[in-house]
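Residue numbers (my numbering), protein chains in the order written: chain F, 1 to 92; chain U, 93 to 389. Just below is one structure, and these are the notes that go with it.
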């Protein structure tokens, strides 16, 4: 079985994918992952996950171009200029 | 994506993952290259293993044992990458011991003295880390990712090797002579290590951006980094032509390319003996694998 290993480098950091180990079961997977990714105290914690348990997705379509939930959907420059002019606070 | 677009993509710095579409030739070249790297890590521990029982102090014995564990760990990581490309580890090991696949030239030679152990850990690992650092940019991302951990561990090995060499160089005349003899023995294989100087554009491994630098570029980097460190210890490099030109390029006597070819095709002084040891170990430990797999099932 293949187990994917995720490694946290220090407390509070995100777990990042480190690599994979081949092991007959979870007990061996833990032993191998400890040796590969923890024997120099280089990890704070490990997640060891059977590869089959990982759900991988790749496609993130945006057919409707939903810019309203992204920063590039809000162009304030022209509107701000107009508002300042109406308020009489525009820089000369 | 077609093959032409794929080449353009990787040549402009693009990286691919296991599940992506990969041209057949790219996959084949990847497997060949990465498998040879895995083989080299695995065979590379044998010259050093011979010195674990003869290490001069307990500290050195522990350091050498740790280095051997690191290198075997690297081979496991690397074979995992090959497996995901479609070639099982068992097949890699079978091809290794039958002589079908290759491993790096430097691991076909004997380690005659403790001086050889120092030169291997310092200079062979230095030459290797230059190639491996260039693989951090490999177009095949899973391989590039494991290289981070591998380079990190290799950096300890260079320190360990340099420490061994410096200790000997600060010792008796006999110890200093040991280092000089070892350097003289290893210089030829070290100069052959990065391969013949074919232009990068003609090297398929470079065209696919599996490697990110040409052979000669790697060798120049090695000479530039390490020859000054060798010279400052009062050691002599056994190449009367070796010198750095005004333009910064190192000039050197032509490495023995026939020797390189002869050695890596299975005719090195220790090739058969070391493969035989691997063969014996695989047979001897087969019961462990079958017990473990049976218990897990």
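The C-beta atom is built at its ideal place from N, Cα and C for all residues, glycine as well. Keep in mind it's a predicted model, so treat the numbers as computed, not measured.
(message) With a threshold of 8 Å on Cβ separation, who are the neighbours of residue 262/U within its own chain once the five nearest residues in sequence on each side are excluded?
(response) Along the second chain, read from residue 1 onward, the residue named residue 262/U stands at position 170. Nothing listed; no residue qualifies.
Practice task
Compare the C-beta of residue 250/U against all C-beta atoms of chain F and say whether one is closer than 9 Å.
Solution key: In the second chain, the residue the question calls residue 250/U occupies position 158. With respect to chain F, the C-beta atom of residue 250/U has no partner C-beta closer than 9 Å.
Taking the CB atoms as reference points, tell me whether residue 201/U and residue 362/U lie closer together than 9 Å. The residue labelled residue 201/U in the question sits at position 109 within the second chain. The residue labelled residue 362/U in the question sits at position 270 within the second chain. Yes, Cβ-Cβ distance for residue 201/U and residue 362/U is below 9 Å.
* To do: Find the nearest neighbour of residue 126/U within the set 257/U, 288/U and 180/U, judged by alpha-carbon distance.
  => Against the second chain, residue 126/U aligns to sequence position 34. Nearest of 257/U, 288/U and 180/U to residue 126/U, Cα basis: 180/U.
Assuming residue 107/U is part of the alpha helix (DSSP H), what are its boundary residues?
Against the second chain, residue 107/U aligns to sequence position 15. According to the DSSP assignment, residue 107/U belongs to no alpha helix (DSSP H), since it is labelled neither H nor E.
Just to confirm, is the Cβ distance from residue 284/U to residue 351/U under 9 Å? What you label residue 284/U is simply residue 192 of the second chain in a count that begins at 1. What you label residue 351/U is simply residue 259 of the second chain in a count that begins at 1. Result yes, Cβ atoms of residue 284/U and residue 351/U sit closer than 9 Å.
Could you check whether the segment 360-380 of chain U touches the segment 2-21 of chain F, counting it as contact only if at least three pairs of C-beta atoms, one from each stretch, sit closer than 8 Å? The segment 360-380 of chain U is not in contact with the segment 2-21 of chain F.
task: Please report the Cβ distance between residue 210/U and residue 274/U, rounded to the nearest whole angstrom; I am assuming they are in contact, meaning their Cβ atoms lie under 8 Å.
output: As a position in the second chain, residue 210/U is number 118, starting the count at 1. As a position in the second chain, residue 274/U is number 182, starting the count at 1. Confirmed, about 7 Å.
Inset, instruction - Throw me the rounded Cβ distance for the residue 246/U and residue 224/U pair, which I believe falls under 8 Å. - result: Working through the second chain from its first residue, we reach residue 246/U at position 154. Working through the second chain from its first residue, we reach residue 224/U at position 132. About 7 Å; that satisfies the 8 Å criterion.
Between the segment 143-167 of chain U and chain F, which residues of the former have a C-beta closer than 7 Å to a C-beta of the latter?
Per Cβ criterion, the list reads 165.
**Asked** Quick one, are the C-beta atoms of residue 170/U and residue 157/U less than 9 Å apart?
**Response** By one-based count along the second chain, residue 170/U stands at place 78. By one-based count along the second chain, residue 157/U stands at place 65. It is not a contact, given that the beta carbons lie outside the stated cut-off.
Using 10 angstroms around the beta-carbon of residue 18/F, count the other beta-carbons present and answer buried if the total reaches 16, otherwise exposed.
-> Position 18 of the first chain, counting from 1, holds the residue named residue 18/F. Answer is buried; the Cβ neighbour count reaches 16.
What residues in its chain sit with their C-beta under 7 Å from that of residue 74/F, if we drop five residues either side in the sequence?
Position 74 of the first chain, counted from the first residue, corresponds to residue 74/F. Counting only Cβ-Cβ distances below 7 Å, and skipping sequence neighbours, we find nothing.
Problem - Coil, strand or helix - residue 41/F by DSSP - result: Taking the first residue of the first chain as 1, we reach residue 41/F at position 41. Assignment of residue 41/F by DSSP, reduced to helix, strand and coil, places it in the coil class.
- Beta carbon of residue 250/U, beta carbon of residue 213/U: below 9 Å? Taking the second chain and counting its residues from 1, one reaches residue 250/U at position 158. Taking the second chain and counting its residues from 1, one reaches residue 213/U at position 121. Going by C-beta atoms, residue 250/U is nearer than 9 Å to residue 213/U.
_Does the segment 19-35 of chain F come into contact with the segment 379-388 of chain U, if we say contact requires no fewer than three beta-carbon pairs (one atom in each stretch) closer than 8 Å?_
Touching, per the Cβ criterion.
- Task: Tell me whether the beta-carbon of residue 346/U lies closer than 9 Å to the beta-carbon of residue 337/U.
- Result: Taking the first residue of the second chain as 1, we reach residue 346/U at position 254. Taking the first residue of the second chain as 1, we reach residue 337/U at position 245. With a cutoff of 9 Å on beta-carbon distance, residue 346/U and residue 337/U are scored as not near each other.
*Any idea what DSSP makes of residue 416/U, helix, strand or coil?*
Limits of chain U in this structure are 93 at one end and 389 at the other, which puts residue 416/U out of reach.
Using 9 Å as the limit for Cβ to Cβ distance, is residue 408/U near chain F? The structure shown does not extend to residue 408/U, since chain U is modelled only from 93 to 389, so the question has no answer here.
request  = Pull up the distance between the alpha-carbon of residue 105/U and that of residue 231/U, whole angstroms please.
outcome  = In the second chain, the residue the question calls residue 105/U occupies position 13. In the second chain, the residue the question calls residue 231/U occupies position 139. When rounded, the distance between both Cα atoms is 7 Å.
Fill in: Straight-line Cα distance separating residue 32/F from residue 102/U
In the second chain, the residue the question calls residue 102/U occupies position 10. In the first chain, the residue the question calls residue 32/F occupies position 32. Distance between the alpha carbons of residue 102/U and residue 32/F: 33 Å.
### residue 211/U: first and last residue of the uninterrupted beta strand (DSSP E) it sits in
The sequence position of residue 211/U within the second chain is 119, counting from 1. Premise fails: residue 211/U lies in the alpha helix (DSSP H), 206-211, not in any beta strand (DSSP E).
- How many Å lie between residue 382/U and residue 28/F at the Cα? Translated into positions along the second chain, residue 382/U becomes position 290. Translated into positions along the first chain, residue 28/F becomes position 28. Their backbone Cα atoms lie some 14 Å apart in a straight line.
message = residue 176/U and residue 234/U - do their beta-carbons sit closer together than 9 Å?
response = For the purposes of this step, residue 234/U is identified with residue 142 of the second chain, where counting begins at 1. For the purposes of this step, residue 176/U is identified with residue 84 of the second chain, where counting begins at 1. A contact, by the Cβ cut-off of 9 Å.
Neighbouring residues, chain U, relative to residue 28/F (Cβ below 8 Å):
Numbered from its first residue, the first chain carries residue 28/F at position 28. Chain U residues near residue 28/F: 384 and 388.
Q: Run through the segment 198-261 of chain U for me and flag every whole alpha helix (DSSP H) of 4 or more residues, listed as ranges in chain order.
A: Fully enclosed alpha helix (DSSP H) runs of 4 or longer: 206-211, 217-226 and 233-261.
query: Is the beta carbon of residue 227/U sitting closer than 9 Å to the one on residue 290/U?
result: Position 135 of the second chain, counting from 1, holds the residue named residue 227/U. Position 198 of the second chain, counting from 1, holds the residue named residue 290/U. Not closer than 9 Å, so no.
Could you name the residues of chain F that residue 169/U contacts, counting a contact when the two beta carbons are closer than 8 Å?
-> Here residue 169/U is taken as the residue at index 77 of the second chain, counted from 1. Simply 19 and 36.
Contacts that residue 126/U makes with chain F (C-beta to C-beta distance below 8 Å): The sequence position of residue 126/U within the second chain is 34, counting from 1. None at all; the shortest Cβ gap to chain F is about 14 Å.
message = Rounded to the nearest angstrom, what separates residue 85/F and residue 78/F at their Cα positions?
response = Counting from 1 along the first chain, the entry for residue 85/F is found at position 85. Counting from 1 along the first chain, the entry for residue 78/F is found at position 78. Between residue 85/F and residue 78/F, the C-alpha separation is close to 11 Å.
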